[in-house]
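All remarks here apply to the structure that follows.
Residue numbers (the numbering used here): 939 to 1545.
Right under this line is the structure:
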């Protein structure tokens, strides 16, 4: 059975600061907290979930707009119990698969779990369909007293215009497992099996993509160029297959969301899920495009500082010449925790719990899924974090980012299983804010002008990567979805992508031809279309929030913690309004870029 963990609270723990007591932090996670021998006990665990599903189904005949709240409210609690139990076994399957995507047993178990859970989920579809049809007056009556579940119930009704009949919804769920999810898994399996060969110190070395990525930021321009060429050589060799996978996923998105569900546009599906007006997202993307010149100026300055001539796309992540340093994992953890503690001891204590409970898988290894993520399983369980730590300063920022996700979920633990997760745009707030906390702490500690210069370069590199770069991914997706609907080829998509990148960087930065295949290397556009604008949203939001913190000092901290504690229990507009943010204002987005412009000017003054 799943091990029960204590619910995170908002009180300060008495755990000693890692600065005062150096502790050894495990570099592998312990998945036993999710379930007791889940592979051997799978059928038992599924029977327990199935029994609750059957109990839920037994109330179907009693569903009525005029039903008593004494019947309706316990049904919601039962639904939460089912979701929590399913989340634990689903999390185990995905985390085990993440450890080694080549492990046949893990892959088989993940597929089996997805299929069985989908089958159970299909038996519950009737509730959402019924709830969407309840009249407004009775819906309001039934929602009274549901607490943090209210927004979840409102969200279900928000999708009513795009919901199909019960048999159709079941068919779509089955289709997604044997179709969309299977194709996504194929992309993961194929690309995670890629190996790359690079000449390092005169010797040919075979490596994973994570290992190759470190060379994209190597001190040597020749190494950076060689790493990029090798990355795109491997992906380009498979461009037909990967491109067709993408086209299949895009066509599936169109068939389901535009043709069946009648959304106005491909991106409108994501926007409704995020509870963000279409125009707010369009405004964000417009402002990002208008401000591309800020980053063109930045890379011009960086080229001078790093003595790069001519400047090309190969070198935008070139490190500052004095910034070469490798970090031990243990030291990196302590640095992040101390930075968090300087902002809020409560945040530091929550982040420390994640590493103390062995919920972090840190090291890169063959077969391990790439990138990094945080998996918040249930409100009562400490989240899990996956990293691919190689010892670079950037890996420390990634750690601060993912632990930010973790503390966000832990602060929202008072909410329902259905509302402790934030909606996507706000889901990046704590993670990016965590990076800003770390960057600020490092800047305050450092007195050497060259090192401070390097820190500023790193910050601007990261802001570029998570603001403008992500917005341009979504700009490409908007075009790609339209082009594929009109029969575009993979090479047509590549040409369009290259044109977008060249427009983004302007005439001062050369973009070589092989960057036409960069889009094939971006997992998000395959697995979660239009996901990436959440990074732009989150980063620009954080730049504005962090400015508020700098002006208000300690009085800002409680407001910020309140924002995180809201989780996904209210709309993004409502949550942000509490700290004075209007997401519909183009001036709001511009204020984030104004802050970036100031940072670029600050860097220019160091020349």
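Virtual Cβ for every residue (Gly too), placed ideally from N, Cα, C.
Note that the coordinates shown come from a computational prediction; the quantities given were computed from them, not determined experimentally.
Next on the checklist: If you reduce the DSSP assignment to three classes, tell me which class residue 1031 lands in.
Outcome noted: helix
Item to check | Top-ranked residue by Cα proximity to residue 1121, from 1098, 1184, 1103 and 1079 | outcome: 1184
Checklist entry - For the candidate residues 1014, 974, 1241 and 1050, whose alpha-carbon lies nearest to that of residue 993? => result 1014
Next on the checklist: Please classify residue 1540 as buried or exposed, where buried requires at least 16 neighbouring CB atoms within 10 angstroms.
Outcome noted: exposed
Item to check | Same chain only: Cβ atoms within 7 angstroms of residue 1177, ignoring 5 sequence neighbours per side | outcome: 1428, 1455 and 1458
Checklist entry - So what does DSSP say about residue 1247, is it helix, strand or coil? => result coil
Checklist entry - Should residue 1439 be labelled buried (16 or more other beta-carbon atoms within 10 Å of its own) or exposed? => result buried
Next on the checklist: Rounded to whole angstroms, what is the Cα-Cα separation between residue 970 and residue 1518?
Outcome noted: 43 angstroms
Next on the checklist: Using C-beta distances below 8 angstroms, list every residue in its chain close to residue 1371, excluding the 5 sequence neighbours before and after it, in chain order.
Outcome noted: 1342, 1480, 1483, 1484 and 1498
Next on the checklist: Give the list of continuous alpha helix (DSSP H) stretches no shorter than 4 residues that lie fully inside the region 1422 to 1504.
Outcome noted: 1428 to 1443, 1461 to 1465, 1471 to 1490 and 1494 to 1503
Checklist entry - Which first and last residues belong to the beta strand (DSSP E) in which residue 1298 is found? => result 1298 to 1301
Item to check | Buried or exposed by the 16-neighbour rule on C-beta atoms within 10 Å, applied to residue 1071 | outcome: exposed
Item to check | Limits of the unbroken beta strand (DSSP E) element including residue 1323 | outcome: 1322 to 1327
Next on the checklist: Using CA atoms only, rank isn't needed, just tell me which of 1526, 1299, 977 and 1359 is closest to residue 1212.
Outcome noted: 1359
Item to check | Counterpart residues of residue 1173 in DSSP-defined beta bridges | outcome: Residue 1173 pairs with nothing; no bridge assigned.
Next on the checklist: Would residue 1125 and residue 1464 qualify as a contact pair, given that the criterion is a beta-carbon distance under 8 angstroms?
Outcome noted: yes
Item to check | the region 1213 to 1227 / the region 1402 to 1420 touching (three or more Cβ pairs under 8 angstroms) | outcome: yes
Item to check | Same chain, Cβ closer than 6 angstroms to residue 1209, neighbours up to 5 away in sequence not counted | outcome: 1216 and 1219
Item to check | Contact test: residue 1128 Cβ vs the ligand ATP heavy atom, cutoff 7 angstroms | outcome: Within the structure as shown, the ligand ATP is missing, as the structure has no ligands at all.
Next on the checklist: Assuming contact is defined by CB atoms lying nearer than 8 angstroms, are residue 1159 and residue 1256 in contact in what I supplied?
Outcome noted: yes
Checklist entry - What do you reckon, are the CB atoms on residue 966 and residue 1299 nearer than 8 angstroms? => result yes
Checklist entry - Tell me which same chain residues have a C-beta within less than 6 angstroms of the C-beta of residue 1281, skipping the five on either side of it? => result 1375
Next on the checklist: Which of the three DSSP states is assigned to residue 1134 in this structure?
Outcome noted: strand
Checklist entry - Under a Cβ-count criterion, where at least 16 other Cβ atoms within 10 Å of its own Cβ denotes burial, should residue 1504 be classed as buried or exposed? => result buried
Next on the checklist: If I follow the unbroken alpha helix (DSSP H) through residue 1387, where does it start and stop?
Outcome noted: 1387 to 1404
Checklist entry - By DSSP, does residue 1266 sit in helix, in strand, or in coil? => result coil
Item to check | DSSP three-state assignment for residue 1537, whether helix, strand or coil | outcome: helix
Checklist entry - Which residues share a DSSP beta bridge with residue 1145? => result 1134
Item to check | Buried or exposed by the 16-neighbour rule on C-beta atoms within 10 Å, applied to residue 1007 | outcome: exposed
Checklist entry - In this structure, what does DSSP give as the bridge partners for residue 1313? => result 1322
Checklist entry - Do residue 1101 and residue 1067 have their C-beta atoms within less than 8 angstroms of each other? => result yes
Checklist entry - Excluding the five sequence neighbours on either side, which residues of its own chain have a C-beta within less than 6 angstroms of the C-beta of residue 1264, listed in chain order? => result 1329
Checklist entry - Touch check for the region 1387 to 1399 and the region 1345 to 1354: three-plus C-beta pairs under 8 angstroms? => result no
Next on the checklist: Helix, strand or coil for residue 1006? Go by DSSP, reduced to three states.
Outcome noted: coil
Checklist entry - By a C-beta neighbour count over all protein chains shown, 10 Å radius and 16 as the cutoff for buried, is residue 1043 buried or exposed? => result exposed
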